[in-house]
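A short write-up of the structure that comes next.
Chains as they are written, first to last, in the working numbering: chain A, 1444 to 1767; chain B, 16 to 363; chain C, 63 to 348.
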């Protein structure tokens, strides 16, 4: 892949830890990925693998006990890690915005939806309230929500509509990058499809970068260009959709894909992955997946695997030699 | 690509329906209110009739009255009539807002209504101002404590609020009187105004200034106790609100912490506070009793105390009625008010 | 299983700093109340030999000074602990029993029983507590039993509400439905199944009620409605006020008693809040 301009997003060796009573939990421990303008990256892994934490780290939206220990986060060339808490404010929502998991509570129940969309516009684009509310109405129409809903409160919206409103809110300041954290998890399949189509269409029209975080592989196939698989705070494998689905190199990725029932194959319950994710406060030496991996060997348990390039698009952090 | 998304028509509720359902809700509440007030009246009546001892027994202990005089006394107050009769008399009189006559005299005549009316002013002033001050202090300190949870300022505020909440108000008054009156002689410790200081004599300005001086200590005692409670509640509500998802959304938009607190956290945290304060109004009247006693503040609380000492039924009935009804009405208003400020109820 | 839960509870209490502070305070006062009088030099009823022994500021002989009759205030304080804590304990017990019973019956039965009981509870909540207690106490006579009864019989409404809410949520639990379908009788369900689940919240709330009971008892005694034969801290304050201790500047008369009340109420409140946090499933997520 050639790059003529700086990438939209480059995360280099990000380490985000949480202070806990028993020590620091290494939720994200050396994660690197990148994204070009207009591309969609899918970040996938089981609960607790650090994908949400990685996403929150980009705009430094961590809870009180979280902190970025190391790494670089370059958005259009600007390293967010070097900005202090005041300097990062203008970048939030204007350059990078988020769609949060569970729009149920992401809206303030005592303020109208229109106002909540408009306040970001008033802050970053300097419009007055009337103009901002107009824009909010436009944005709602963009996501196929009736315009007069601008004056309604969140509890008057249905689940799918709320999610659409969240998307329109995220688009309010024309961000360069939008991060969707499980944007469709709580929705039924029909609405899920609608939302994903909407995101796709907007992305292509506005040429916006997108990171889609999910534990559901099926949606990634349709919407993303690249996929990064995370496990226990590390990236296990990255590659194009084709690389991951057809030529998965990491045993964990292979298991993930096999867990997913294939409509063409015969009916059988897939094997789960035995064991539990490792303790993030004291992760095991060597490969973090080794305790649960059926192919692990002594080297796996001793030496931490580094990212190995298998092709231009495909990299994996595993010691095993892969047969394609 | 899917066509335009047409929302189901039931999602959009026309304003007429909303207003109607709101009106029905309020009507139902008023109905329950009236029923409760009726029960209060019955209870009020029954309570004082059932208790042992009456005005004549008290008189028998104190004055050297003979049997005839006591019997006449009973007759005057209708205490020798059968219970049902007494209740009917009581009820009909009530409809005319006639609460009867007091047994003793309190320097306001003997009509219960008049006596209460003359005393309610000072209590309202004291209570009203105390609630306002406590509300302001409680909100400010509660927000700070909740925001800076775990830090030194939070621990300090928490400990002081708990201490003031745990403190008997009259004990606080004793301490303050000791410091400000006995030792330092800075402030008056009794009454609402200096004896002889009447508006007609010294003029309005001097009179009110005098009242204000007398108000300081009782006001301080009452507000501090209430403020402790309000701080604790606000802190607790703030801690709940700060963990909500919409706070993260607001921060993600790039707003400063102060804005997020003001515009997002506070409106949500205020909701339970408003209800609490309205409901508290009823209970605050209880607190006024000891305080008014301590400072000889001529309000309803002091009147209650004297009335109990005098076994003054009719007056007590009147006072009870007043306080109970105002508590009920305060709760009712709190309910209605909440329905207006919480959009989830307003538009459901 | 229940044993494990109890142990778990104690462990969590130990780890919670404010709970431990509260527990320590209460245990301290309990010990003082139970064993204190054995260590006193002076008997509380022992009045001073002559007028020079009255109104003494704290000195070597009388650590907390003497009152208007020359009685040792430290002795007064220690014996007062017994009355105050006893009233709080028994009154709270009464209101807890009544409140829990009404709450469970109301929540479990539903229908008109629930409606009626809740109307009554709401009604009791509207009546101003202190004036009611005052009226009852003054009319019924001021023995310590009466005080306990008065506070207990008027303070159950808050618990009843809470218990009812908890009962409603427990009622929905599947295993209760299964027990019903097995044909168990109502009383059996209410007390063998619902009560154990409701108990944790009841317990936390009871501790908070105890704080309220002490406050009320102190206030009632201060207003002269306490039992003179069983003096409590409130009565010390009453005597102080009645004999103008404040204008005499005799701070030792009322300062220690007040501090004791504050500490005990604080102790119960801290314990109550901590227990609520530990035992209330909704608060656990915070």
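Glycine residues also receive a C-beta, built at the ideal position from the N, C-alpha and C atoms.
Going by the beta-carbon positions, is the gap between residue 1731 of chain A and residue 1675 of chain A smaller than 8 Å? Yes; because the gap between Cβ atoms is below 8 Å, this pair is in contact.
Under the assumption that residue 261 of chain B contacts residue 1550 of chain A (Cβ atoms under 8 Å), give the Cβ distance between them as a whole number of angstroms. Their Cβ separation, rounded to whole angstroms, is 6 Å, which keeps residue 261 of chain B and residue 1550 of chain A in contact under 8 Å.
Pull up the distance between the alpha-carbon of residue 76 of chain C and that of residue 89 of chain C, whole angstroms please. 14 Å
Under the DSSP definition of a beta bridge, which residues are partnered with residue 1776 of chain A? Outside the shown range of chain A (1444 to 1767) lies residue 1776 of chain A, about which nothing can therefore be said.
Cβ closer than 8 Å: which chain A residues qualify as neighbours of residue 63 of chain B? None at all; the shortest Cβ gap to chain A is about 46 Å.
Of the residues B/105, B/313 and B/300, which one's Cα is nearest the Cα of residue 58 of chain B? B/105
Nearest CA to the CA of residue 1762 of chain A: which residue from A/1725, A/1755, A/1700 and A/1680? A/1680
If we cut at 8 Å on Cβ distances, does residue 314 of chain C have a partner in chain B? Closer than 8 Å: no.
Name the two residues that bound the continuous beta strand (DSSP E) containing residue 136 of chain B. Per DSSP, residue 136 of chain B belongs to no beta strand (DSSP E); it is in the alpha helix (DSSP H), 127-162.
Given this structure, state the Cα-to-Cα distance separating residue 1587 of chain A from residue 1542 of chain A, to the nearest angstrom. 17 Å
Between the segment 214-232 of chain C and the segment 308-328 of chain C, do at least 3 Cβ pairs fall closer than 8 Å? Result no; under three Cβ-Cβ pairs closer than 8 Å.
By the three-class DSSP mapping on this structure, what secondary structure does residue 346 of chain C have? Annotation note: pLDDT 49 at residue 346 of chain C (below 50); position unreliable, coordinate value reported separately. Helix.
Apart from the five residues just before and just after residue 356 of chain B, which ones in its own chain have a Cβ nearer than 7 Å to its Cβ? 286 and 289
In the segment 263-280 of chain B, which residues sit with their C-beta less than 8 Å from some C-beta in chain A, listed in chain order? 263, 264, 265, 266, 267, 268, 269, 270, 271, 278 and 279
Tell me whether the segment 124-141 of chain C and the segment 184-200 of chain C touch, counting them as touching only if at least three CB pairs, one residue from each stretch, are closer than 8 Å. no
Listed by chain order, chain B residues near residue 1773 of chain A by CB distance under 8 Å: Residue coverage of chain A in this structure runs from 1444 to 1767, which leaves residue 1773 of chain A outside it and unanswerable.
Identify every residue that forms a DSSP beta bridge with residue 1752 of chain A. A/1758
Straight-line CA distance for residue 353 of chain B to residue 345 of chain B? 12 Å
Taking one C-beta from the segment 202-216 of chain C and one from the segment 162-172 of chain C each time, how about it: are there three or more such pairs within less than 8 Å? no
I'd like to know if residue 1769 of chain A contacts chain B, where contact means its C-beta is closer than 8 Å to some C-beta of that chain. Nothing in the structure corresponds to residue 1769 of chain A, since chain A is present only between 1444 and 1767.
By Cβ distance, which residues of its chain are closer than 8 Å to residue 1635 of chain A, with the 5 residues on each side in sequence left out? 1627 and 1662
Apart from the five residues just before and just after residue 234 of chain B, which ones in its own chain have a Cβ nearer than 8 Å to its Cβ? 141, 144, 145 and 148
Show which residues of chain B have a CB atom less than 9 Å away from the CB atom of residue 1567 of chain A. Taking the beta carbon of residue 1567 of chain A as reference, the chain B residues within 9 Å of it are 268 and 269, listed in sequence order.
Is the distance from the Cβ of residue 177 of chain B to the Cβ of residue 328 of chain C below 8 Å? Taking 8 Å as the cut-off, the beta carbon of residue 177 of chain B is found closer than this to the beta carbon of residue 328 of chain C.
Which ranges would you report for the beta strand (DSSP E) in the segment 70-98 of chain C if only whole runs of at least 3 residues count? none
Buried or exposed (CB count within 10 angstroms, at least 16 for buried), residue 17 of chain B: For residue 17 of chain B, the predicted structure reports a pLDDT of 34, less than 50, and the residue's modelled location is therefore unreliable. A value from the coordinates is still provided. It is exposed - the Cβ of residue 17 of chain B has fewer than 16 other Cβ atoms within 10 Å.
From the beta carbon of residue 1648 of chain A, is the nearest beta carbon of chain B less than 8 Å away? It does not: the Cβ of residue 1648 of chain A has no partner Cβ on chain B nearer than 8 Å.
Along the chain, where does the alpha helix (DSSP H) containing residue 367 of chain B start, and where does it finish? No statement about residue 367 of chain B is possible, as the shown extent of chain B runs from 16 to 363 and does not include it.
Ordered along the chain, which non-local residues of its own chain (more than five positions away) have a Cβ less than 8 Å from that of residue 1720 of chain A? 1489, 1491, 1492, 1674 and 1675
Any C-beta of chain B under 8 Å from that of residue 193 of chain C: yes
Partners in chain A for residue 34 of chain B, counting only beta-carbon separations shorter than 8 Å: Ordered by position in chain A, no residue passes the 8 Å Cβ test against residue 34 of chain B, which lies about 15 Å from the chain.
Run of the alpha helix (DSSP H) containing residue 1494 of chain A, from where it starts to where it stops: 1494-1501
Taking C-beta to C-beta, are residue 253 of chain B and residue 161 of chain B nearer than 8 Å? yes
Taking the beta carbon of residue 1538 of chain A as the centre, do at least 16 other beta carbons fall within 10 Å, making it buried, or is it exposed? buried
Chain C beta carbons: is any one of them nearer than 8 Å to that of residue 320 of chain B? yes
Is there contact here, the segment 215-226 of chain C with the segment 149-157 of chain C, by at least three beta-carbon pairs under 8 Å? Yes: at least three Cβ pairs fall under 8 Å.
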